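Heads up, the thing below is written out as structure tokens.
There are 2 protein chains.
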Amino acid sequence: MPPTFDPIRVERVSEKVAGQLTKRISDGTLKVGDRLPSERDLSEQMGVSRTSVREALQQLEMQGILETVHGGGSVIRNITGQEIRKPIERFIEQDKKRVLELAELRAFMEAWAAREAARNRTGQELETMRGYLEEMERDFEKGAIRYEVDFKYHTEIAAATHNTIYLHLIDNIYSLINYSVKVHREEVFVSREDQETILNHHRKIYQGICNQDPDRAESAMKEHLAFVVREFKRKFFDN
Amino acid sequence: MPPTFDPIRVERVSEKVAGQLTKRISDGTLKVGDRLPSERDLSEQMGVSRTSVREALQQLEMQGILETVHGGGSVIRNITGQEIRKPIERFIEQDKKRVLELAELRAFMEAWAAREAARNRTGQELETMRGYLEEMERDFEKGAIRYEVDFKYHTEIAAATHNTIYLHLIDNIYSLINYSVKVHREEVFVSREDQETILNHHRKIYQGICNQDPDRAESAMKEHLAFVVREFKRKFFDN
DNA sequence: TTATAAAATTGGTATGACCAACAAAGGAAT
DNA sequence: ATTCCTTTGTTGGTCATACCAATTTTATAA
Numbered sequence: 001m002p003p004t005f006d007p008i009r010v011e012r013v014s015e016k017v018a019g020q021l022t023k024r025i026s027d028g029t030l031k032v033g034d035r036l037p038s039e040r041d042l043s044e045q046m047g048v049s050r051t052s053v054r055e056a057l058q059q060l061e062m063q064g065i066l067e068t069v070h071g072g073g074s075v076i077r078n079i080t081g082q083e084i085r086k087p088i089e090r091f092i093e094q095d096k097k098r099v100l101e102l103a104e105l106r107a108f109m110e111a112w113a114a115r116e117a118a119r120n121r122t123g124q125e126l127e128t129m130r131g132y133l134e135e136m137e138r139d140f141e142k143g144a145i146r147y148e149v150d151f152k153y154h155t156e157i158a159a160a161t162h163n164t165i166y167l168h169l170i171d172n173i174y175s176l177i178n179y180s181v182k183v184h185r186e187e188v189f190v191s192r193e194d195q196e197t198i199l200n201h202h203r204k205i206y207q208g209i210c211n212q213d214p215d216r217a218e219s220a221m222k223e224h225l226a227f228v229v230r231e232f233k234r235k236f237f238d239n
Numbered sequence: 240m241p242p243t244f245d246p247i248r249v250e251r252v253s254e255k256v257a258g259q260l261t262k263r264i265s266d267g268t269l270k271v272g273d274r275l276p277s278e279r280d281l282s283e284q285m286g287v288s289r290t291s292v293r294e295a296l297q298q299l300e301m302q303g304i305l306e307t308v309h310g311g312g313s314v315i316r317n318i319t320g321q322e323i324r325k326p327i328e329r330f331i332e333q334d335k336k337r338v339l340e341l342a343e344l345r346a347f348m349e350a351w352a353a354r355e356a357a358r359n360r361t362g363q364e365l366e367t368m369r370g371y372l373e374e375m376e377r378d379f380e381k382g383a384i385r386y387e388v389d390f391k392y393h394t395e396i397a398a399a400t401h402n403t404i405y406l407h408l409i410d411n412i413y414s415l416i417n418y419s420v421k422v423h424r425e426e427v428f429v430s431r432e433d434q435e436t437i438l439n440h441h442r443k444i445y446q447g448i449c450n451q452d453p454d455r456a457e458s459a460m461k462e463h464l465a466f467v468v469r470e471f472k473r474k475f476f477d478n
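Heads up: the protein sequence lines correspond to chains A and B, in order. The numbers in this note's numbering rise by one with no breaks, and the one at position 47 of the first sequence is 47. The numbers in this note's numbering rise by one with no breaks, and the one at position 153 of the second sequence is 392.
Below, the structure written as structure tokens:
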């Protein structure tokens, strides 16, 4: 096989400008809160058009490095501790509809997972699930179900499908949901009845998987997630 | 306490343009891989300057939604791409079993998609699907179904679910399959009977979606993909 | 000193022009 | 008929200029 080459990335003028600015921020020449020179000044100093400078500033603004105000100039923002948000996360938060799309996605995928888990689960996996279920029971007695346990329970079901790719996929979806919703289930299902309902759902799901009854496992999971989505809608989209 | 007011966020023209474009991506008008109209066209259609359009495209490119190539136009990128695909790719190469896992994944996801498409499809989307179906019929008469048309057909079904995240997700699954298998369906289903079987499957699926019959659409898709997986296994894993 | 108004500054948009990279169409060689 | 190459039109990248809109600064008046 011939040697491979890296693709040549032609750098646009605007990117060079952006690069120089970020460099100045890195080396401390430009500090947080500083106002940049005006676009006209920058274009003259760097010997490029104002268009290119504007495009550069636009890029930096999209990265959260700058904030520009109409008529007021551009100032360096504080990005310490500010997580660099992934593109897909930005896309999701642009429209609340996306959150429901995610929930929808999760619902049918987990329904399938429950079915497959019922068919393929090993005794070991069943034991682990039973452990989590009992932990949830104890937590319920003491007060409230903890989200982490609930999460582990669902993850174990995913693992029991013995489909590694699915496991990876659903993990990604979980993290996206966590990010976009920004609240944990604990803060949504606070009432005693809600908690009990969820616990009952999980008991049913466990039953189905334990008895290797795919249909029952699937329907129980569907019921569970339909409830979760419904409550979620009520809470965040008031309908 | 005096009543509080939300800050008025003055939306720049470029942001309105970007918003309209993302909206088109959401509702499925623009799909992964599509080329946008040229900047000049967009500016004329929307009645804004090319400057504003360019700034909008720049924003979307920064978010990873677009990729623009000098002289080549701007194409819609897969939003889930970076996050999901990379880690899995390495995984797949390790074991041929992963390919079957992918097929399994695809099967139940597309079954859901067929069901949802039957419920949510618009007349426009149905028309597009019909076009692809007829194209496949003609190709069949002339010799062989082309994989690209088959792919477009399935993608259109995904779009008709009106779940953007799913659309991007399934796109990834497709590319993963192509990546791992490295052969096209054309090379698997060569016999006249196989081709006819597939064509009949697609007719059934279309019927279900056309008549807005979720159950029929889902079962037809299941039948189709079960066949595909079975033949695939025979060919590559000789069992 | 404070309040108001005017002027200068700065970002936002529009237009037109030109260059560079790409893609499709057409033609030449095989 | 196919392949390869050239040509030509299209598309993105950059520049220059002008004007509008929001802000900041300065000047002015009370």
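Ideal Cβ placement from N, Cα and C applies to all residues, glycine included. All values derive from a computational prediction rather than experimental measurement.
- By the neighbour-count criterion, in which 16 or more other beta carbons inside 10 Å mark a residue as buried, A:Gln20 falls on the exposed side.
- When beta bridges are read from the DSSP output, B:Arg274 appears opposite B:Val314.
- Across the structure, A:Gln58 and A:Ile157 are spaced so that their CA atoms are roughly 45 Å apart.
- Under the Cβ criterion of 7 Å, B:Thr307 is not counted among the residues facing chain A.
- Distance from the Cα of B:Thr361 is smallest, within the candidate group B:Phe330, B:Arg473, B:Ala398 and B:Asp410, for B:Ala398.
- Rounded to the nearest whole angstrom, the CA to CA distance from B:Ile315 to B:Ile409 is 15 Å.
- The contact set of A:Asp213 on chain B, defined by CB atoms closer than 9 Å, is empty, because the minimum CB distance reaches about 18 Å.
- B:Ala356 sits close to B:Thr400, with the two beta carbons spaced by under 7 Å.
- Residue pairing by DSSP puts B:Thr307 in a beta bridge opposite B:Ser313.
- Closest by C-alpha distance to A:Asn178, out of A:Arg106, A:Glu67, A:Glu15 and A:Ile65, is A:Arg106.
- When secondary structure is reduced to three states using DSSP, B:Asn402 falls in the coil class, being assigned neither helix nor strand.
- For B:Gln259, no Cβ of chain A is located within less than 7 Å of the residue's own Cβ.
- Within the region 452-473 of chain B, contact with chain A at the beta-carbon level (separation under 7 Å) is assigned to no residue.
- Taking the Cα positions, A:Glu193 is about 47 Å away from B:His440.
- By the rule that beta-carbons nearer than 7 Å mark a contact, B:Gly310 does not touch chain A.
- Closer than 7 Å to the CB of A:Asn120 there is not a single CB belonging to chain B.
- Look at A:Leu30 here: in three-state DSSP terms it is coil, with no helix or strand label.
- Annotation: A:Ala144 is outside any alpha helix (DSSP H) and is labelled neither H nor E by DSSP.
- Judged by their CB atoms, A:Arg130 and A:Pro214 are not nearer to each other than the 7 Å cut-off.
- Contact between the region 266-282 of chain B and the region 224-232 of chain A is absent: fewer than three C-beta pairs spanning the two stretches fall below 8 Å.
- Using a CB distance below 8 Å, the part of the region 161-174 of chain A facing chain B consists of Asn163, Thr164, Ile165, Tyr166, His168, Leu169 and Asn172, ordered along the chain.
- For A:Gln45 and B:Gly311, the gap between their C-alpha atoms comes out near 32 Å.
- Using beta-carbon distances, A:Gln59 counts as an interface residue toward chain B, with a partner under 7 Å.
- By the C-beta density criterion, A:Val10 is exposed, having fewer than 16 other C-beta atoms within 10 angstroms.
- Listed along chain A, the residues sitting closer than 7 Å to B:Phe347 by beta-carbon distance are Trp112.
- The alpha-carbon separation between A:Gly64 and B:Leu341 amounts to approximately 37 Å.
- Comparing C-alpha distances from A:Gln212 to each of A:Lys16, A:Glu134 and A:Ala113 shows the shortest one belongs to A:Ala113.
- Taking the Cα positions, A:Arg50 is about 24 Å away from B:Asp280.
- Comparing alpha-carbon positions, the option among A:His168, A:Val48, A:Phe232 and A:Lys142 lying closest to A:Glu15 turns out to be A:Val48.
- At least one C-beta of chain A is nearer than 7 Å to the C-beta of B:Leu341.
- Residue nearest to A:Arg234 within the set A:Leu100, A:Arg138 and A:Lys204 is A:Leu100 (criterion: CA-CA distance).
- Collapsing the DSSP output to three states places B:Gln298 in a helix.
- Beta-carbon to beta-carbon, A:Thr128 and B:Arg337 are separated by about 24 Å, too far to satisfy the 8 Å threshold.
- Counting only Cβ-Cβ distances below 8 Å, A:Leu105 has contacts in chain B at Asn402, Ile404, Tyr405 and Leu408, in chain order.
- Against chain B, a Cβ distance below 9 Å from A:Glu55 picks out Arg293, Glu294 and Gln297.
- Scanning its chain for C-beta atoms nearer than 6 Å, with the 5 sequence neighbours on each side dropped, one finds around A:Ile92 the residues Arg98 and Ser180, in chain order.
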